[in-house]
Amino acid sequence: MAIDWKGLNPAPVTLFKDNGDVDFDGNARLAKWLASIPGVKSLVILGHAGEGTFLTHDEQIELIRVYKDATPLPVVAGITGEGTKVAELEAKEKFEAGASGALVYPNHGWLRFGYQKGAPVDRYKAVAQSGLECILFQYPAVTKANYDLDTQLQIAAVPGVTATKNGVRDMKRWYNEIPALKNAFPDLAIMSCHDEWLLPTMFDVDGLLVGYGNMAPELLIEYLAAGKAQDYPLARKYHEQLLPITRAVYHRGSHMEGSVALKHALRARGLIDNVNVREPLKALGDGADEEIRAAVKASGLTVIQNALAA
Numbered sequence: 085m086a087i088d089w090k091g092l093n094p095a096p097v098t099l100f101k102d103n104g105d106v107d108f109d110g111n112a113r114l115a116k117w118l119a120s121i122p123g124v125k126s127l128v129i130l131g132h133a134g135e136g137t138f139l140t141h142d143e144q145i146e147l148i149r150v151y152k153d154a155t156p157l158p159v160v161a162g163i164t165g166e167g168t169k170v171a172e173l174e175a176k177e178k179f180e181a182g183a184s185g186a187l188v189y190p191n192h193g194w195l196r197f198g199y200q201k202g203a204p205v206d207r208y209k210a211v212a213q214s215g216l217e218c219i220l221f222q223y224p225a226v227t228k229a230n231y232d233l234d235t236q237l238q239i240a241a242v243p244g245v246t247a248t249k250n251g252v253r254d255m256k257r258w259y260n261e262i263p264a265l266k267n268a269f270p271d272l273a274i275m276s277c278h279d280e281w282l283l284p285t286m287f288d289v290d291g292l293l294v295g296y297g298n299m300a301p302e303l304l305i306e307y308l309a310a311g312k313a314q315d316y317p318l319a320r321k322y323h324e325q326l327l328p329i330t331r332a333v334y335h336r337g338s339h340m341e342g343s344v345a346l347k348h349a350l351r352a353r354g355l356i357d358n359v360n361v362r363e364p365l366k367a368l369g370d371g372a373d374e375e376i377r378a379a380v381k382a383s384g385l386t387v388i389q390n391a392l393a394a
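Per the numbering used here, the very first residue in the sequence shown carries number 85; after that it's consecutive.
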């Protein structure tokens, strides 16, 4: 059954115990809460927000199983392995563990050196053989691992590629490439992952695939609906309402800090009881927790009662 990407697709954080182990029970509670919200279409784990590449192989597989057991929603797993054969085997194993979709990361050697023409499409063909629905993942334009339009079109033509998560963060390219993708592949779901500036992309998308979806799923679903309706005043209203938490979480010194700040926001909402992270992430500096708590309150995000007892 095809995944319906046309809504909010949160990328949940991964929760850890005080001893550093993965807190599978805590992750199951978070999954159940997110899945209970109408408009949430899938849960995307083992990515950047979820510290996916910081988990061991066994932890990754077990987390897929935990999410699969906790919720009826499709579980989408990050595919990050270097090399096309490695990614192909990784995808097969994650499919067998219960994943339905794949967020296909570029080979990370390309971040430094760029890619040879044809290599990205071969990576997607290999992953799609697993049976996982694949998401074309467009990296920021400042990296050498982002795909030019021709490469995106080739990937979108691969059977099993049903959506794109676009994080190009270059609006000149967005305004040229998104219409071209829509024109060539009308059924390809367009999803933004511009957590730190969603408003400019909100009117062109079918859905969102964002770490932001952890902490404010209720408002993001309303925000997305305003964008789909081309209601700029209403979308602007949600933008302004969420701006305090956008600044506190995503307008920090490094986007990687956003994964840590997300946990502070989730704790402020009563959804988790600690903000443990795994190296190389670091705890935020003094005053960050108070700042984020104030931003959660200013954005009108409510505390979820009894969430930790679920």
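Note that the Cβ used here is the ideal one computed from N, Cα and C, for glycine as well.
Between residue i and residue j, is the Cβ-Cβ spacing less than 8 Å?
{"i": "Val294", "j": "Pro94", "result": "yes"}
{"i": "Ile219", "j": "Lys178", "result": "no"}
{"i": "Val170", "j": "Ala186", "result": "no"}
{"i": "Asn111", "j": "Val150", "result": "yes"}
{"i": "Ala133", "j": "Val106", "result": "no"}
{"i": "Leu127", "j": "Ala115", "result": "yes"}
{"i": "Tyr334", "j": "Asp254", "result": "no"}
On the three-state DSSP scale, how would you describe residue i?
{"i": "Phe411", "result": "Nothing about residue 411 can be reported from this structure: the residues present for the chain run from 85 to 394 only."}
{"i": "Met275", "result": "strand"}
{"i": "Val294", "result": "strand"}
{"i": "Ile145", "result": "helix"}
{"i": "Asn230", "result": "coil"}
{"i": "Phe100", "result": "strand"}
{"i": "Ala387", "result": "The sequence shown places Val at residue 387, not Ala. In this structure, Val387 counts as coil in the three-state DSSP scheme."}
{"i": "Leu237", "result": "helix"}
{"i": "Ala114", "result": "Per the sequence presented here, residue 114 reads as Leu, with Ala not at that position. In the structure shown, Leu114 sits in a helix (DSSP, three-state: H, G or I)."}
{"i": "Leu216", "result": "coil"}
{"i": "Leu304", "result": "helix"}
{"i": "Ile163", "result": "strand"}
{"i": "Thr246", "result": "strand"}
{"i": "Val106", "result": "strand"}
{"i": "Val252", "result": "coil"}
{"i": "Leu365", "result": "coil"}
Any idea if residue i is buried or exposed, counting beta-carbon neighbours within 10 angstroms, 16 or more meaning buried?
{"i": "Thr386", "result": "exposed"}
{"i": "Gly369", "result": "exposed"}
{"i": "Val226", "result": "exposed"}
{"i": "Gly337", "result": "exposed"}
{"i": "Glu374", "result": "exposed"}
{"i": "Gln314", "result": "exposed"}
{"i": "Arg207", "result": "buried"}
{"i": "Met221", "result": "In the sequence on display, residue 221 carries Phe and not Met. It is buried - the Cβ of Phe221 has at least 16 other Cβ atoms within 10 Å."}
Could you round the C-beta distance between residue i and residue j to whole angstroms and report it? I think they count as a contact, below 8 Å.
{"i": "Gly297", "j": "Met275", "result": "Going by Cβ atoms, the distance from Gly297 to Met275 rounds to 11 Å, so no, they are not a contact pair."}
{"i": "Leu365", "j": "Met340", "result": "7 Å"}
*For the stretch 313-346, list the alpha helix (DSSP H) runs that are entirely contained and at least 4 residues long, ordered along the chain.*
316-334
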